[in-house]
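Quick note on numbering that gives the first Met the number 0: the sequence shown kicks off at 0 and runs consecutively. Backbone N, C-alpha and C fix where the C-beta goes; we use that ideal spot for every residue, glycine too. This report refers to the structure that appears directly beneath it.
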Amino acid sequence: MPVAGSSLDAGGAVPQTDSLPNLARSGDRCWRPSAAPVRVVSGKPQTIPWWLWWNVLSADAPTVALVWAALFAHATGGKLAATDATVLVLAVWVVYVSDRLLDGWTAKNLATLQERHRFCDRHRFALFGLVVVASATMVWLIANRLPTEEVGAGAKLGIILMLYMAAIHAGSRHVARLLPKEIVVGFLFASGVILPVWSQSVRFRWDLFLPWSLLALLCSLNCLSIEFWENDGRGSIEMRPSFVREAAAHINGIAAALATSALLACLVSARGAPSVSGLLAVCVGALLILVLHRSRSRLSPAALRVLADAALVVPPLIAVGIRGSMA
Numbered sequence: 000m001p002v003a004g005s006s007l008d009a010g011g012a013v014p015q016t017d018s019l020p021n022l023a024r025s026g027d028r029c030w031r032p033s034a035a036p037v038r039v040v041s042g043k044p045q046t047i048p049w050w051l052w053w054n055v056l057s058a059d060a061p062t063v064a065l066v067w068a069a070l071f072a073h074a075t076g077g078k079l080a081a082t083d084a085t086v087l088v089l090a091v092w093v094v095y096v097s098d099r100l101l102d103g104w105t106a107k108n109l110a111t112l113q114e115r116h117r118f119c120d121r122h123r124f125a126l127f128g129l130v131v132v133a134s135a136t137m138v139w140l141i142a143n144r145l146p147t148e149e150v151g152a153g154a155k156l157g158i159i160l161m162l163y164m165a166a167i168h169a170g171s172r173h174v175a176r177l178l179p180k181e182i183v184v185g186f187l188f189a190s191g192v193i194l195p196v197w198s199q200s201v202r203f204r205w206d207l208f209l210p211w212s213l214l215a216l217l218c219s220l221n222c223l224s225i226e227f228w229e230n231d232g233r234g235s236i237e238m239r240p241s242f243v244r245e246a247a248a249h250i251n252g253i254a255a256a257l258a259t260s261a262l263l264a265c266l267v268s269a270r271g272a273p274s275v276s277g278l279l280a281v282c283v284g285a286l287l288i289l290v291l292h293r294s295r296s297r298l299s300p301a302a303l304r305v306l307a308d309a310a311l312v313v314p315p316l317i318a319v320g321i322r323g324s325m326a
């Protein structure tokens with residue numbers, strides 16, 4: 000994902016104390032910290048293992064968005080329309096790739112970036128062309144296939160997102176401190192996920208407000224965890240507001256509290272309520288992040304990031320499968 004230090008994904012254009020381990024090694028060595036990690040001193044490419052391509056190609060965040068949107072659609076008794084799914088995937092992909100291209104363009108030293116940013120910088124012309132094509136396709140679908148209510152809601156969310164990205168990439172420290180990306184990205188991402196459901200509702204869906212709120216917190220936890228793992232608890236974390244630094248120091252507690260809250264909310268919900276599947280997915284996702292954080296010393300930062308996004312994909316995917324089989 001999550002869903003994260005660049006302005007949108009954790010561990011972006013900030014000084015990093017850590018670079019990718021020796022990814023050229025084969026087997027499960029890629030998933031464990033190397034005794035003598037390679038230090039990247041330039042933007043030169045390294046061998047990228049198969050399991051990292053999902054992240055390097057910016058396909059992780061669109062996948063997370065798609066499965067959660069499908070889950071919320073199923074929770075309301077419907078299905079995610081093909082047009083909604085396509086627009087959502089394209090929008091998320093364009094935003095994340097654009098953000099990483101901007102990170103590479105504004106970085107003074109590419110070695111301070113993660114491999115996903117360096118990959119985008121190395122292939123910036125090809126990716127820029129794909130962004131243009133994806134954006135044009137998305138605009139055509141929005142103009143011709145989406146209902147007016149959804150277009151209006153999406154436009155408002157898009158304006159907020161663009162203003163935030165512009166402020167962050169312009170180097171506005173005040174905005175970064177007042178509105179930390181870990182929090183902002185989590186709630187904007189969750190808003191985009193549920194936008195097709197809420198925008199077309201005659202009334203506000205209070206039955207989905209709680210799982211949406213907890214999903215936003217889960218996405219924020221995902222961003223915060225990745226930021227901490229990729230910076231080894233140092234670097235950009237120290238430049239965050241005090242409450243963000245405090246949260247980074249208590250990831251285990253936050254994950255446990257989020258999982259407990261989601262489980263309790265599920266237990267008190269009416270049987271068969273639309274919110275139950277979303278709450279259970281949030282609970283499992285938070286527990287998976289808790290497990291990853293406790294196992295961080297045995298995994299490389301790159302592996303942690305991939306698994307953190309997988310932790311946001313697997314629970315809703317299983318929930319959608321279960322609801323589909325019961326339908």
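- Contact between the region 69 to 87 and the region 272 to 280 is present: three or more C-beta pairs spanning the two stretches fall below 8 Å.
- For the set Ala318, Thr85, Tyr163, the Cα lying nearest the Cα of Arg176 is the one of Tyr163.
- Selection Ile47, Ala68, Ile321, Gly320 evaluated against Val192 yields Ala68 as nearest (Cα-Cα).
- Counting along the chain, Thr82 sits inside the alpha helix (DSSP H) bounded by residues 81 to 105.
- By the neighbour-count criterion, in which 16 or more other beta carbons inside 10 Å mark a residue as buried, Glu149 falls on the buried side.
- In its chain, beyond the 5 residues on either side, Leu213 have a beta carbon closer than 8 Å to the beta carbon of Ser260.
- Cα atoms of Leu286 and Phe118: separation of roughly 31 Å, rounded to the nearest angstrom.
- Spatial neighbours of Asp83 in its own chain (CB-CB distance under 6 Å, excluding positions within 5 residues in sequence) are listed in chain order as Pro195.
- A residue is called buried when at least 16 other Cβ atoms come within 10 angstroms of its Cβ; Lys155 does not meet this threshold and is exposed.
- Straight-line measurement puts the Cα of Leu278 at about 16 Å from the Cα of Gly185.
- Distance between Glu181 and Ala269, taken at the CA atoms: about 32 Å.
- The beta carbon of Ala246 lies closer than 7 Å to those of Leu223, Ile253 in the same chain, with the five residues before and after it left out.
- Here Val305 is near Leu51, since their CB atoms are less than 8 Å apart.
- Just so you know, the alpha carbons of Leu187 and Trp104 end up roughly 24 Å apart.
- Contact between Leu70 and Pro300 is ruled out by a C-beta separation of about 29 Å, above the 8 Å threshold.
- Approximately 18 Å separates the beta-carbon atoms of Asn221 and Ile167; this is outside 8 Å, ruling out the contact.
- Boundaries of the alpha helix (DSSP H) harbouring Asn221: 208 to 230, taken from the DSSP string.
- Residues Val94, Leu187 of the same chain have their beta carbon placed closer than 8 Å to that of Leu160, with the five preceding and five following residues left out of the count.
- Sorting Leu257, Ile158, Asn143 by C-alpha distance to the C-alpha of Cys218 places Leu257 at the top.
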